[in-house]
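Residues in the sequence shown are numbered from 2 upward in steps of one, following this note's numbering.
All C-beta atoms, glycine included, are put in the ideal place defined by N, C-alpha and C.
As structure tokens, the structure follows; a few thoughts come after it.
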Amino acid sequence: MIPIPKPKFVQILVTLLLPALVLSACIQPVAAPAQQPPVVPATVAAGQPEILWDSWGIPHIYAATEDDLFFALGWAQMHSHGNLLLEIYGKARGRAAELWGEAYLASDQYMWTIGAPQLGATLAESGSTAEAFAAGLNAYAAAHPDALDARLKAALPLTSHDVMAQTIYTIYSFFAMPGELSGMQEAYALGRQPLAAEYAVQPTSNAWVIGPSRSASGNPIILFNPHIFWPNMPGYEHMVPYEVHLVGPDLDFYGAALIGAMLPSFGFNDSLGWAFTSTPFDVTDYYELTLMDGGYRFDGETVAFEIEEHVLTVKQADGSLREEAFEVKRSIHGPVIATRGEKALALYLPKLDFGERVQPLEMARARNFDEFLAALEPQQLTPLNFLYADRTGNIMYTLVGMFPDRPEGDYDWSGILPGDTSATLWRGLLPYSRMPQVINPESGYVQNANDAPWSTTLPSGLDPASYPADWPGYDLFPRALRSLEMVTARERFSMEEVMADKFSTHALVADRVLNDLIAAARQ
Numbered sequence: 002m003i004p005i006p007k008p009k010f011v012q013i014l015v016t017l018l019l020p021a022l023v024l025s026a027c028i029q030p031v032a033a034p035a036q037q038p039p040v041v042p043a044t045v046a047a048g049q050p051e052i053l054w055d056s057w058g059i060p061h062i063y064a065a066t067e068d069d070l071f072f073a074l075g076w077a078q079m080h081s082h083g084n085l086l087l088e089i090y091g092k093a094r095g096r097a098a099e100l101w102g103e104a105y106l107a108s109d110q111y112m113w114t115i116g117a118p119q120l121g122a123t124l125a126e127s128g129s130t131a132e133a134f135a136a137g138l139n140a141y142a143a144a145h146p147d148a149l150d151a152r153l154k155a156a157l158p159l160t161s162h163d164v165m166a167q168t169i170y171t172i173y174s175f176f177a178m179p180g181e182l183s184g185m186q187e188a189y190a191l192g193r194q195p196l197a198a199e200y201a202v203q204p205t206s207n208a209w210v211i212g213p214s215r216s217a218s219g220n221p222i223i224l225f226n227p228h229i230f231w232p233n234m235p236g237y238e239h240m241v242p243y244e245v246h247l248v249g250p251d252l253d254f255y256g257a258a259l260i261g262a263m264l265p266s267f268g269f270n271d272s273l274g275w276a277f278t279s280t281p282f283d284v285t286d287y288y289e290l291t292l293m294d295g296g297y298r299f300d301g302e303t304v305a306f307e308i309e310e311h312v313l314t315v316k317q318a319d320g321s322l323r324e325e326a327f328e329v330k331r332s333i334h335g336p337v338i339a340t341r342g343e344k345a346l347a348l349y350l351p352k353l354d355f356g357e358r359v360q361p362l363e364m365a366r367a368r369n370f371d372e373f374l375a376a377l378e379p380q381q382l383t384p385l386n387f388l389y390a391d392r393t394g395n396i397m398y399t400l401v402g403m404f405p406d407r408p409e410g411d412y413d414w415s416g417i418l419p420g421d422t423s424a425t426l427w428r429g430l431l432p433y434s435r436m437p438q439v440i441n442p443e444s445g446y447v448q449n450a451n452d453a454p455w456s457t458t459l460p461s462g463l464d465p466a467s468y469p470a471d472w473p474g475y476d477l478f479p480r481a482l483r484s485l486e487m488v489t490a491r492e493r494f495s496m497e498e499v500m501a502d503k504f505s506t507h508a509l510v511a512d513r514v515l516n517d518l519i520a521a522a523r524q
């Protein structure tokens, strides 16, 4: 077991909220010198990872090998959020009701329906990083048993399967949260033809990149303002960024990783940085199946379901256990989530296959614009708007992630689609080569507030007609309009001005309705 030193500071501030991360390029925008290896503590050179805690409770982790680096990251996350991690990993494995009772049964059923435990077990076999991370989690729990809630320690020991299942759940959360599924299921069972958008909860955020031509210092500035759920909001406990500094083989990254998923989400290295916002794209589809002879009708034939039989164990109030039989039917469209008479509703999610490349690590290790673009090619991420800058002065906006390649046809992709024909099936996922990009615009900035790409800068040079017909149009809501209003209000931005704008409380909606509201109140 690799020893981990005690924190250098007694006071540890838990990073549950990250209101903004404002990044500045490290040097003037000139040709980058040859990269120098980061200075690491002597203990790391001797083969022992080290965690240095700063006064904000942020871990700075140094390691000589990748496995040691992620072992120490697991230790650090457990130190900062141990009880939260135990609960989300217990849920990710689909056996939380066995540990903590009836209230977790619906969560277990959701996990097995989307296939997180199954896929997590498959993906965990492809590398040692998740094993090292899980070993770090367990090592901290063994060394500090009194720091963890006795009830939650029932989830120990944690495994690489749990870590990968949580990663899968995090990715699928951007496609279909449990609340969205339960809303669709209830409405469908009651005979309604629901729209998925009625039940979707979209994580939100804002991001700016100010290029050298509009930066007072001549250095690019990146602002990322994630809107983070409170970690005790049911269903959103995993949406907590963990701020961290990672120094390891070919890696010197500062930023954040979503808790439990362990891989870098946004931040910077000595050469470049990036932020992201979630997208307004509809990337999840629901299909209505016609049941027939134990299967379903598809292209004029009866097709059998793939049946998965699960037995879930549920802990009772007296400590005894009961068994709950649970069946998942899978069609060519995905799992069945509801039935109504001779009809059924199936959920289509992209099939994840990470392969040998780990996109977030490649992005964090990239040293120039071309390497960063190459790192985006696997399209392993949830659909995201990416905003980028580097030390040579390049700035960029691009879409990244798993976007469906839907067929042509007059279909309402936001509603329920006919599932009896292959004409409505996705043709696959769009490759990165079909994603819109805005590189070094004359405007000198790119911005996004969860809106579509077309207004990322003015003018953007992007034409929606050149992209899939199911993508959203030019609609802008007040937060996106306010972002554009602020980023175009100055010719030059200092870091202090960017920070002041980030914390602005001015609301565009108030400009439009406040006078009328005051008049109505006075009456």
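Spanning the alpha carbons of D300 and P408 requires a straight line of approximately 16 Å.
Within the region 86-146, the runs of alpha helix (DSSP H) at least 4 residues long that lie entirely inside it are, in chain order, 97-101, 106-115, 117-125 and 130-144. Just so you know, the alpha carbons of G83 and A305 end up roughly 44 Å apart.
Secondary structure at E324: strand, using DSSP grouped into helix, strand and coil. Contact between the region 123-134 and the region 91-100 is absent: fewer than three C-beta pairs spanning the two stretches fall below 8 Å. Between the C-alpha atoms of G249 and T66 there is a straight-line separation of about 6 Å. By the Cβ rule, the region 379-395 counts as touching the region 262-273, because three or more pairs are nearer than 8 Å. For S484, no pairing in a beta bridge is given by DSSP.
F71 and G296 have their C-alpha atoms roughly 45 Å apart. At least 8 Å separates the beta-carbon of A133 from that of D55. Between the C-alpha atoms of S81 and A151 there is a straight-line separation of about 17 Å.
The closest CA to that of Y433, considering only Q167, A117 and L382, is found on L382.
If you draw a straight line from the Cα of I172 to the Cα of A166, it comes to about 10 Å. According to the DSSP assignment, T291 belongs to the beta strand (DSSP E) that extends over D286 to M293. Remark: three or more beta-carbon pairs, one from each stretch, lie closer than 8 Å, so the region 153-169 and the region 115-126 are flagged as touching. When secondary structure is reduced to three states using DSSP, E372 falls in the helix class. Remark: C-beta atoms of L509 and L477 do not approach each other more closely than 8 Å. In the structure shown, V304 falls within a strand segment according to DSSP collapsed to helix, strand and coil. Excluding five sequence positions before and after W472, the CB atoms of its chain that fall closer than 8 Å to its own CB belong to F282, A453 and P465, given in chain order.
Of the residues L385, L348, A318 and V499, the one whose Cα lies closest to the Cα of E289 is L348. With a beta-carbon spacing of about 6 Å, S456 and L485 fall inside the 8 Å limit used to define contacts. By the C-beta density criterion, F254 is buried, having at least 16 other C-beta atoms within 10 angstroms. Across the structure, G416 and G474 are spaced so that their CA atoms are roughly 18 Å apart.
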